[in-house]
Amino acid sequence: MNAVSVVLLALAMSTDAFAAAIGKGAVLQRPRWREALRIGLIFGCIEAVTPVIGWAIGAAAASYITAFDHWIAFGLLGVLGARMIHAGLRDDGLVERPVRHGFWAIAATGFATSIDAMAVGASLAFLEVPILPVALTVGATTLLMVTLGIMLGRLVGAMIGRRAEVIGGIVLIGIGAFILYEHLSGAA
175 MNAVSVVLLA LAMSTDAFAA AIGKGAVLQR PRWREALRIG LIFGCIEAVT
225 PVIGWAIGAA AASYITAFDH WIAFGLLGVL GARMIHAGLR DDGLVERPVR
275 HGFWAIAATG FATSIDAMAV GASLAFLEVP ILPVALTVGA TTLLMVTLGI
325 MLGRLVGAMI GRRAEVIGGI VLIGIGAFIL YEHLSGAA
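One rule links them: number in the working numbering = place in the sequence shown (from 1) + 174.
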């Protein structure tokens, strides 16, 4: 696997996280670069670890992972998205947008958008690709894409205000539905 292939794989694997980060950034009350970088680090670490786990599991479990990874991603993103929509539609009077997201909320979203990376890691074991350079590239790319996505979400959030949480929830559900559609239609 050459360097260009690794970078393209990293970009492809980080697109779901980028879209989710835009939604997360839109919900926050004017996120700063430090918060964007914190979220990017969480997503990047998770995105770097999951292909290593998949690679370690290897060929024996690859068929089991790919058989249901899309359902796990769909379920997690659906629940997280529904919670965001519910929170966005709830009329609590003068509810302020959060300054930062909690670690577990970010980690759950990061995991949900990186489950397919585990199956990719398992398939890379078949090809006898050294996983560490790939995992580091995927993690670094995700870190960058999520950090930029949070800051882009900041602009979107400023434009649409309170509806940002509803839109962010819809985006997460849409990502989950797209992952499910890709796998069920054979496009993945």
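For glycine and all other residues, C-beta sits at the position ideal for the given N, C-alpha and C. None of these values were measured; they are calculated from a predicted model.
| query | result |
| --- | --- |
| How should Gly267 be labelled, buried or exposed, when 16 other C-beta atoms within 10 angstroms of its C-beta is the threshold for buried? | Because Gly267 carries a pLDDT of 49, less than 50, the predicted location of this residue cannot be relied on, and no value is offered for it. |
| Return the chain-ordered list of same chain residues with a C-beta closer than 6 Å to the C-beta of Gly343, the five sequence neighbours on each side being excluded. | Gly255, Met258 and Ile259 |
| With DSSP run on the structure shown, which of helix, strand or coil describes Arg206? | coil |
| Between Leu322, Ala314, Gly218 and Glu302, which lies nearest to Ala286 when the distance is taken from Cα to Cα? | Gly218 |
| What's the gap between the Cα of Val369 and the Cα of Ala230? | Any answer about residue 369 is impossible in this case: the structure gives the chain only from 175 up to 362. |
| Are the CB atoms of His244 and Leu346 within a distance shorter than 9 Å? | no |
| May I ask you to report which of helix, strand or coil DSSP gives Thr287? | coil |
| Would you mind sorting Ser179 into buried or exposed? The rule is 16 or more other CB atoms within 10 Å of its CB. | exposed |
| When the Cα of Asp190 is compared with those of Arg328, Gly252, Ser288 and Glu356, which residue comes out closest? | Ser288 |
| Please report how far the alpha carbon of Leu310 lies from the alpha carbon of Arg264, in whole angstroms. | 40 Å |
| Short of 8 Å in beta carbon distance, which residues of its chain neighbour Arg274, apart from the five on each side in sequence? Order them along the chain. | Leu202, Pro205, Glu209 and Arg212 |
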